[in-house]
Structure formats: C-alpha cells, structure tokens
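S.K.: Here it is, the structure, as structure tokens.
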Amino acid sequence: MRNMQKPKEHAETVSVIIPVYNGERYLAEAIQSIVTQAPLPNEIIIVDDGSTDGSASVVTTLAVSSPVAIRYVLQPNQGPSAARNHGLRLATGALIAFIDADDLWGQDKLAKGMAYLRENPDVLIIRGLVQMFEVIDTRVVPIDQPCQGVLLGCHLFRREVFDIVGSFDESMRLGEDLDWYLRASEHGIKNPVLMQTSLWYRKHDTNIWFGRKHPKNTAMSVIKKHLDRMRSKS
C-alpha cells in the first residue's frame, strides 16, 4: 500500500481534487462552486486524465482570476481512480475534498464539514446529502429529494484516512467510490451524515449513472468483492 501521508499541516488546510476527462462543458461551473465557498480551500488540484477537448484552456482562463491557487497536471488516460490518486499525492492539505468536473458543491459544504470535523476530532469522514439535478432551458431543476449516497463529492476527508484504507483501485473505471467505502467499513471507519445538501449531481447525456454508460451490474460486482473479502477474513 502506498503511504500518502504528508508532514502534518494546519488542521484547517483543505485540498480539492478534480479529476477531469473531456470536461470543458461544465468544468467552469464546478470550479465556481468551489471558489464561492466560505471559507475557501487552500488549493484546487485539477488532474486531466488525457482530455482531447478544451479542458486545459478552461483551467488556464479561470486560474488568472481565481481566489484559490489552481494547479493543473496532465496525465495519460488511466481512469478516474488514477487521476484521484495522482491528486492525493500532490495534495498538501490536512483535509481532502473531491468533486467531478460536471457536478457542483452545495452552499456551505466546506464550512459545515470543517466545523463538524473540528468538533469531532475522532471522525475521519463527514458527508452531506446529494441532490440530483438537470438543467432545462437554463433552469436548474432538482430531481427527487436530496438523498444519502457514497459519491465522493459529498464528503470531506481527513487525509490520514487514506493511509488506513488505501488509495482508489486503479483497475476500476466504475464503482471505485463504492469499493473504497466498503473497504473503509472493513476498517470500522464511521461515515456520519450532515442532513444538508453538499453535492449537486448533474444529469446529462454522457455522465456515468444517467447516460448511455449506466453500469447496471457495477454495484453488485463491487459488493460481491467486498463480501468475498469478509468471508476470507472469517
């Protein structure tokens, strides 16, 4: 297991990691939802997983006026797990947050998450609710009610949790978030929930869960792998 722990930083420092692959259409909105947080994170790390569109140009333009330092790195296409792991290796914050290039953070996501972790020093992960949405004729339209989920963007992590659980499985292109959380549960790591929306998950034609690539059997496959690990330990 690769040790990702860095020298101890101030407890309030936050690194945000954005994996992006051909995300120019929505990337600016995702970044805007970060730089309007109060407090602001200390850095945004954008790991471009071999995009062939204008994602890099979007970052270059936004970095000029961003109130948060933006670091852009390009890697050959290896999948979202590899991109997130790359970001983790570069991150300097004591707290780690993720967002995908097509999603949005909820208002006060950082403030509420940081406050909870400050008040509960033994908690390693805190998550909020997920609100699915779509944009129709420029209107943001919520889909159903906010719900609990394991999407990485609705969480805030203490970085040491990755030394306990490990990094994301780079052999997986789908379901890597669920796989990580099940591994965390095997270590007895609790995952409390704040009953407020911390992530707006966008419905559009090309995203994983709503688009043509909907992975019907991914969750069952990941759960089976988890159960097999549990049986092997018993």
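Residue numbers for the sequence shown follow my numbering, beginning at 1119 and rising by one. Every residue gets a Cβ at the ideal spot worked out from N, C-alpha and C, and that includes glycine. Nothing here was measured: the structure is a model prediction, and the numbers come from that model.
(1) Helix, strand or coil, according to DSSP, for glutamate 1127 in the structure here?
(2) Does the beta-carbon distance from valine 1165 to alanine 1215 come in below 8 Å?
(3) Is it right to say valine 1340 is buried, meaning 16 or more other beta carbons lie within 10 angstroms of its own, or is it exposed?
(4) Quick one: measure Cβ to Cβ for methionine 1348 and glutamate 1304, integer angstroms, because I've assumed they're closer than 8 Å.
(5) Identify the residues that DSSP records as bridge partners of phenylalanine 1216: which are they?
(6) I need the straight-line Cα distance from alanine 1219 to aspartate 1295, nearest angstrom please.
(7) Provide the residue(s) that pair with isoleucine 1188 in DSSP beta bridges, ordered along the chain.
(8) Write down the C-beta distance between alanine 1156 and alanine 1229 rounded to the nearest angstrom, noting that I regard them as a contact closer than 8 Å.
(9) From the DSSP output, which residues share a beta bridge with arginine 1276?
(10) Closest by CA to isoleucine 1282, which one among Asp1297, Arg1301 and Glu1288?
(11) Does the segment 1242–1249 come close enough to the segment 1174–1184 to have 3 or more Cβ pairs within less than 8 Å?
(12) Measuring straight from C-alpha to C-alpha, what distance separates alanine 1194 and tyrosine 1319?
(13) For proline 1093 and isoleucine 1244, which I take to be in contact (beta-carbon distance under 8 Å), what is that distance rounded to the nearest angstrom?
(14) How many angstroms separate the CA atom of cysteine 1272 from the CA atom of serine 1350?
(15) Are leucine 1213 and leucine 1242 closer than 8 Å when you measure CB to CB?
(16) Starting from arginine 1320, follow the beta strand (DSSP E) in both directions and report where the run begins and ends.
(17) Assuming glutamate 1142 and valine 1176 are in contact, meaning their beta carbons sit under 8 Å apart, how far apart are those beta carbons, in whole angstroms?
(18) Can you grab the Cα-Cα spacing for the pair lysine 1171 / threonine 1210, in whole Å?
M.R.: Based on what the coordinates show:
(1) Here the model assigns glutamate 1127 a pLDDT of 43, short of 50, so the residue's position is not dependable and the matter cannot be decided.
(2) no
(3) buried
(4) 7 Å
(5) Ile1135
(6) Taking C-alpha positions only, alanine 1219 is separated from aspartate 1295 by approximately 16 Å.
(7) Ile1162
(8) 6 Å
(9) Leu1213
(10) Arg1301
(11) no
(12) The amino acid at residue 1194 is misidentified as alanine; the sequence shows proline. Computed Cα separation, rounded: 26 Å.
(13) Residue numbering for the chain in the displayed model covers 1119 to 1352; residue 1093 lies beyond these limits and cannot be assessed.
(14) 31 Å
(15) A distance of 8 Å or more separates the beta carbons of leucine 1213 and leucine 1242.
(16) 1311–1320
(17) 5 Å
(18) Note on residue identity: the sequence assigns aspartate, not lysine, to residue 1171. Cα atoms of aspartate 1171 and threonine 1210: separation of roughly 28 Å, rounded to the nearest angstrom.
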